[in-house]
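Note that the sequence shown covers residues 3 to 442 in the numbering used here.
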Amino acid sequence: MSELSFRRQAILQHAIESGLLHPGNAPIACFIDDVVLRSNVDALHRAFAGNGEVSHAFAVKSGSLPVLLQMLRVLGMRAEVASEGELEMALAAGHDSRSIVFDSPAKTEGELQRALDLGVHINVDNFQELARIAQRMPDDGQPRVVGFRINPQVGIGSIEAMSTAGAQSKFGVGIKDPGVRERVVEVYLSYPWMNSVQVHVGSQGVAVDVMVDGIREITELADEINERVGGPQVRTIDIGGGLPVDFHSDERPVGFGAYAQALRAGVPRLFSGDYRIVTEFGRSLLAKAGFIAAYVEYTKTSGDRPIAVTHAGAQIATRTVFMPDAWPLRVLAFTPDGLPKLGEPLEQDVAGPCCFAGDLIARGRRLPELEPGDLVVMPDTGAYYASTPFTYNSILTPGIYATRSAPTPDAAGAVQGFRPIREPQTMEALLRAAGVGLLE
Ligand SMILES: *Cc1c(COP(=O)(O)O)cnc(C)c1O
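This is how it looks when you write it as C-alpha cells:
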C-alpha cells in the first residue's frame, strides 16, 4: 500500500467518525491532505533552489479557496490569478499585492487600473492590452514587474483544449508569426518598465521536452532584448506551470525535481543567476493532495450493465464526465466503515446524481460489487475538481476539509482533525445564488 493510500484511508475513517461524511446529511465531501500538500510545496522549493532568486506562485484557478490560499502563503507560496475574483481571494487570504501574478487574456480597463495601483506582477497577453497599460502606467517610481506572455509556438500536447503553445493558441503573443519578434523587441526598447517575459506552455498532457523548448525560447528572447537594450532590463522569467500529474496511480511520473533537472540541462541560462525565476504550478502541487468521497445511494442493472448511482457526478467532476478520455479518474471502493472493499471485480458504471444519461464518473470499471451505503473515492482530485463546481441540477456544493496532522506524521496518517476550507453549501445560499431574492 502506498503512503498516499494509507493516508486516504485514515482520512476517510476520521471523516466518517466525525460526521463530515454521512449517508443522510453529507453524502459527498472533499479532502485536502495537509501533509501531502506541504511535502509537494517543499519538493518544489527544493527542486528550484540555486543561484538566483526563485519564487513560486500557486495557480489559483486550480484551487480557488481562500483558506487554501492562506495555507499556501504560510508555506511560502505566492499567488497567480487570472480574474478579479481570484485576485480578491488572494488578497483576502493575506497575499501581499506585490507577490501576486496577474494573468488573464481579457483584463478589463478597471482590472488593469487596479493591478497597476496594487503593484501586482502583470503578464500582458497582447499588444492592445499593452497599449492600455502604457496609457495608465503611473509615474510613481514604484517597482513593478510587467512583461509579455509569449506563445513560443513549440507545439501542442495530448489534450488540445489544455495546450497553449500551438501555432494558433489563444494566449499571448505568437513569437514566430511574421514580424512579431521585432515588434516585441521594439516594445521593450520603448518601455523601460517592460522587465519580464512569461510562458505557460500548457496544462496536463504536454510533454516535458516541449515545455523545456518553450522556456528556452523565452529565455533566448530575454537575452536578445537585453542585448538590444544594452542592459539587464528583463530581470524576470516566469516559466508558468503545467507539470502533468499521473491520474492512473499514486506515482508522480515527472515530479518537480526531474522537471527542474530537465530545465537545468536544457536551459542552463535560466539558472545563471541573471534572472529571477517565477513559476506558476497548480495541478502538480494540489491534485495528489486531495480526494472526493461519495456514498453509493442505489445500485441497479440496466440491460446487463450494473450501475452504482453515487453522489459524485458532473457537478464535482465536470471535466471527467464531459471528456472522459482526456480526464480519467481512478475510482476506489470502500465499505460504509471506510475499509477497502474486497471482492471479485465486476464491470460497473459509476454514475453521478445529475439528470442526464452521460453523468458517469467511470464506465465499465472493474470494482468489487458496490452496494448502497458503500463509498467511492476519487483520488488525485485536489486540483480543479471540488473548488470548481458546476451548478447543473442545483445540487448543493459539498464541503471541503483540510486535515490537521501531527507535526511528524507516520505513514498511517496521524490525522488529528479537520479544518474546513469551504463549508457545505446551505439550501439558503443555493437559493440566494439562484436569485430567489428577486421574486416579486
Ligand atoms: C492554468 C495556468 C497555470 C497552472 O497550470 P497547472 O497545469 O495547474 O500547473 C499556470 N499559469 C497559467 C497562465 C495558467 O493559465
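The C-beta atom is built at its ideal place from N, Cα and C for all residues, glycine as well. Remember, predicted model here, so these are calculated numbers, not experimental data.
Does the contact criterion of 3 or more C-beta pairs under 8 Å hold for the segment 290 to 301 versus the segment 372 to 385? yes
For ligand 1, list every residue whose C-beta falls under 5 Å from any of its heavy atoms, going in chain order. Those residues are A61, S64, D105, H202, S205, G242, G243, G244, E282, F283, G284 and R285, given in chain order.
With 16 as the cutoff for other CB atoms within 10 Å, does H202 come out buried or exposed? In the sequence shown, residue 202 corresponds to position 200, counting from 1. By the 10 Å Cβ count, H202 comes out buried.
Less than 8 Å between the CB atoms is what I'm expecting for L287 and N42, so what's the real figure, rounded? The residue you call residue 287 lines up with position 285 of the sequence shown. The residue you call residue 42 lines up with position 40 of the sequence shown. Contact flag correct, Cβ pair sits at about 5 Å.
Please report how far the alpha carbon of L77 lies from the alpha carbon of R40, in whole angstroms. Here residue 77 corresponds to residue number 75 of the sequence shown, with the count starting at 1. Here residue 40 corresponds to residue number 38 of the sequence shown, with the count starting at 1. Looking at the two C-alpha atoms, the distance is approximately 7 Å.
Tell me whether the segment 186 to 194 and the segment 222 to 232 touch, counting them as touching only if at least three CB pairs, one residue from each stretch, are closer than 8 Å. Enough Cβ pairs lie closer than 8 Å, so yes.
Which runs of the alpha helix (DSSP H), 4 residues or longer, sit entirely within the segment 318 to 355? 320 to 324
Residue from F283, E373 and Q137 with nearest C-alpha to F60: Here residue 60 is taken as the residue at index 58 of the sequence shown, counted from 1. Taking only the C-alpha atoms, the option nearest F60 is F283.
Taking 8 Å as the threshold (C-beta atoms), are P422 and Y394 in contact? For the purposes of this step, residue 394 is taken as the residue at position 392 of the sequence shown. For the purposes of this step, residue 422 is taken as the residue at position 420 of the sequence shown. Cβ atoms of Y394 and P422: not closer than 8 Å.
Three-state secondary structure assigned by DSSP to P308: Reading the sequence shown from its first residue, position 306 is the one you call residue 308. Looking at P308 - three-state DSSP - the assignment turns out to be strand.
Could you give the distance in angstroms between the alpha-carbon of S396 and the alpha-carbon of L432? The residue given as residue 396 occupies position 394 in the sequence shown. The residue given as residue 432 occupies position 430 in the sequence shown. Cα-Cα distance, rounded: 7 Å.
Minimum C-alpha distance to G204 - residue among G401, H58 and A169: Translated into the one-based positions of the sequence shown, residue 204 becomes position 202. It is A169.
Distance check for V438 and R332, CA to CA, integer angstroms please. On the sequence shown, position 330 is the one that residue 332 refers to. On the sequence shown, position 436 is the one that residue 438 refers to. One C-alpha to the other measures close to 38 Å.
Would the beta-carbon of Q144 fall within 8 Å of that of N197? Locating residue 144 in the sequence shown gives position 142, where the first residue counts as 1. Locating residue 197 in the sequence shown gives position 195, where the first residue counts as 1. Not in contact: Q144 and N197 (Cβ atoms no closer than 8 Å).
Please return the same chain residues whose Cβ sits closer than 7 Å to the Cβ of K63, not counting the five positions on each side in sequence. For the purposes of this step, residue 63 is identified with residue 61 of the sequence shown, where counting begins at 1. Sequence-distant Cβ neighbours of K63 in its own chain, meaning closer than 7 Å and more than five residues away, are A84, E88 and G284.
Close beta carbons around R485, own chain, < 7 Å, minus the five adjacent residues each side: Outside the displayed range of the chain (3 to 442) lies residue 485, so it cannot be described from this structure.
Test item: CB-CB of F173 and R151 under 8 Å: On the sequence shown, residue 173 is found 171 positions in, with the first residue counted as 1. On the sequence shown, residue 151 is found 149 positions in, with the first residue counted as 1. Yes, they are a contact pair.
What does DSSP give as the partner residues of P370 in its beta bridges? Here residue 370 refers to the residue found at position 368 of the sequence shown. Its beta-bridge partners are P347.
Residue from M213, G275, H250 and I309 whose Cα sits closest to the Cα of L265: Start at 1 with the first residue of the sequence shown, and residue 265 comes out as number 263. For the residues M213, G275, H250 and I309, the minimum Cα distance to L265 belongs to M213.
Tell me the rounded alpha-carbon separation between I161 and L441. Residue 161 sits at position 159 when you count from the first residue of the sequence shown. Residue 441 sits at position 439 when you count from the first residue of the sequence shown. I161 and L441: Cα-Cα distance of roughly 43 Å.
Helix, strand or coil at H123 according to DSSP, with G and I counted as helix: Taking the sequence shown and counting its residues from 1, the one referred to as residue 123 is at position 121. Residue state, collapsed to three classes: strand.
Buried or exposed for L74, going by 16 or more other Cβ atoms inside 10 Å? Translated into positions along the sequence shown, residue 74 becomes position 72. Burial call: buried.
From G340 to L23, what does the alpha carbon distance come to, in whole angstroms? Here the question's residue 340 lines up with position 338 in the sequence shown. Here the question's residue 23 lines up with position 21 in the sequence shown. L23 has its alpha-carbon roughly 10 Å from the corresponding atom of G340.
Among P194, Q155 and S165, the one whose alpha carbon lies nearest that of V182: Sequence index remark: in the sequence shown, residue 182 carries index 180 (1-based). Check the Cα spacing between V182 and each of P194, Q155 and S165: the tightest is with Q155.
So is E82 buried or exposed if we call it buried at 16+ other beta carbons inside 10 Å? The residue labelled residue 82 in the question sits at position 80 within the sequence shown. With 16 or more other Cβ atoms within 10 Å, it is buried.
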